[in-house]
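Asker: Okay, handing you the structure first.
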Amino acid sequence: EPEVTQTPSHQVTQMGQEVILRCVPISNHLYFYWYRQILGQKVEFLVSFYNNEISEKSEIFDDQFSVERPDGSNFTLKIRSTKLEDSAMYFCASRAGTGIYEQYFGPGTRLTVT
Amino acid sequence: EDKVVQSPLSLVVHEGDTVTLNCSYEVTNFRSLLWYKQEKKAPTFLFMLTSSGIEKKSGRLSSILDKKELFSILNITATQTGDSAIYLCAVDDYGQNFVFGPGTRLSVLP
Numbered sequence: 048e049p050e051v052t053q054t055p056s057h058q059v060t061q062m063g064q065e066v067i068l069r070c071v072p073i074s075n076h077l078y079f080y081w082y083r084q085i086l087g088q089k090v091e092f093l094v095s096f097y098n099n100e101i102s103e104k105s106e107i108f109d110d111q112f113s114v115e116r117p118d119g120s121n122f123t124l125k126i127r128s129t130k131l132e133d134s135a136m137y138f139c140a141s142r143a144g145t146g147i148y149e150q151y152f153g154p155g156t157r158l159t160v161t
Numbered sequence: 004e005d006k007v008v009q010s011p012l013s014l015v016v017h018e019g020d021t022v023t024l025n026c027s028y029e030v031t032n033f034r035s036l037l038w039y040k041q042e043k044k045a046p047t048f049l050f051m052l053t054s055s056g057i058e059k060k061s062g063r064l065s066s067i068l069d070k071k072e073l074f075s076i077l078n079i080t081a082t083q084t085g086d087s088a089i090y091l092c093a094v095d096d097y098g099q100n101f102v103f104g105p106g107t108r109l110s111v112l113p
């Protein structure tokens, strides 16, 4: 069964460093998402991406964040200068297309900023 | 501000019990409501509801939406220990995309 994959599973970085979280969505899916979940808190939407551009983003997704689909396979989330409060589980998700609303989530990347 | 509220936040039952999880929402532009099950890590999709009064069913799980009263319920009958998880309700809002509730942590004891 096709699945969304994410790497790394755990990333530890120092405050102020840049991190790139990688996701490989399900092949042929057209919509891509990033969410985060701070430990013990609810899942929060960050950004959605369709047709090679951001379609929606939340207030959390400020200038420190960027997304890219560099090669038609990977979907990346970059945090330019990490802060302690960026520590969270980051989930990537994808869905097939218009009218199909089921999102498939990846296993997540746990980001720890020290 | 868009919000999704779930209740109870935590629930402990014994195998065989039936549970009802609640989700209420206030969003600007409702498109659909989704239920997810989150075990160790990533949420997995359970149901998507767009119309009031139409029950969605999958095995022992069922869900229904009331768009007039702005809530949905998720029922699980004959619970099993494998049902232990956090159940997330999310609303697809055209403006902000997906707004998640805090989840209900269900523990099913043998």
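Top to bottom, those sequences are chains A and B. Those letters in the first sequence? Residues 48 to 161, per the numbering used here, in order. Those letters in the second sequence? Residues 4 to 113, per the numbering used here, in order. No residue lacks a Cβ here, since even glycine has one placed at the ideal position from N, Cα and C.
1) I'd like to confirm the pairing. Which residues does DSSP put opposite Gln41 of chain B in its beta bridges?
2) Looking only at C-alpha atoms, which of A:Asp110, A:Thr156, A:Gln88 and A:Pro117 sits nearest to Asn187 of chain A?
3) Please report how far the alpha carbon of Thr145 of chain A lies from the alpha carbon of Leu124 of chain A, in whole angstroms.
4) State yes or no: is the beta carbon of Tyr148 of chain A nearer than 8 angstroms to at least one beta carbon in chain B?
5) Listing by chain order, which chain A residues have their CB less than 9 angstroms from the CB of Phe33 of chain B?
6) Smallest Cα separation from Gly106 of chain B: which of A:Phe96, A:Tyr80, A:Lys89 and A:Val160?
7) Measuring only between beta-carbons, confirm whether Asp95 of chain B sits less than 8 angstroms from chain A.
8) What number of angstroms, rounded off, separates the C-alpha of Val8 of chain B from the C-alpha of Gly155 of chain A?
9) Shortest alpha-carbon distance to Trp81 of chain A belongs to which of B:Val102, B:Ser75 and B:Lys71?
10) According to DSSP, simplified to helix, strand and coil, what is Asp20 of chain B?
11) Distance check for Leu12 of chain B and Ile103 of chain A, CA to CA, integer angstroms please.
12) Roughly how many angstroms lie between the CA atoms of Gly62 of chain B and Gly85 of chain B, to the nearest whole one?
13) Quick check on this structure: which residue in A:Arg157, A:Tyr148 and A:Thr161 has the alpha carbon closest to the alpha carbon of Leu37 of chain B?
14) DSSP has Leu52 of chain B in a bridge; who is on the other side?
15) Can you tell me which residues form a DSSP beta bridge with Asn25 of chain B?
16) Applying a beta-carbon distance threshold of less than 8 angstroms, which residues of chain B neighbour Ser95 of chain A?
17) For Gln83 of chain B, which residues of its own chain have a beta-carbon under 7 angstroms away from its beta-carbon, when the five flanking residues on both sides are left out?
18) Under the three-state reduction of DSSP, which class applies to Asp69 of chain B: helix, strand or coil?
19) Using a C-beta cutoff of 8 angstroms, does Lys89 of chain A count as contacting chain C?
20) In chain B, what lies closer than 8 angstroms to Phe108 of chain A by C-beta?
21) Please say whether Ile107 of chain A and Glu65 of chain A have beta carbons closer to each other than 8 angstroms?
22) Any C-beta of chain A sitting closer than 8 angstroms to the C-beta of Pro105 of chain B?
Answerer: By the coordinates alone:
1) B:Pro46 and B:Ile89
2) Here chain A comprises residues numbered 48 to 161, so residue 187 of chain A is not present and cannot be evaluated.
3) 23 angstroms
4) yes
5) The premise fails here: Phe33 of chain B is roughly 13 angstroms from chain A at the closest Cβ pair, so nothing lies under 9 angstroms.
6) A:Lys89
7) yes
8) 24 angstroms
9) B:Val102
10) coil
11) Sequence inspection shows Glu at residue 103 of chain A; the Ile mentioned does not correspond to that position. One C-alpha to the other measures close to 29 angstroms.
12) 14 angstroms
13) A:Tyr148
14) B:Leu36
15) B:Ser10 and B:Ile76
16) Asn100
17) Glu18 and Val111
18) strand
19) Chain labels in this structure do not include chain C; the protein chains are A and B.
20) Correct list: empty, because the minimum Cβ distance to chain B is about 11 angstroms.
21) no
22) yes
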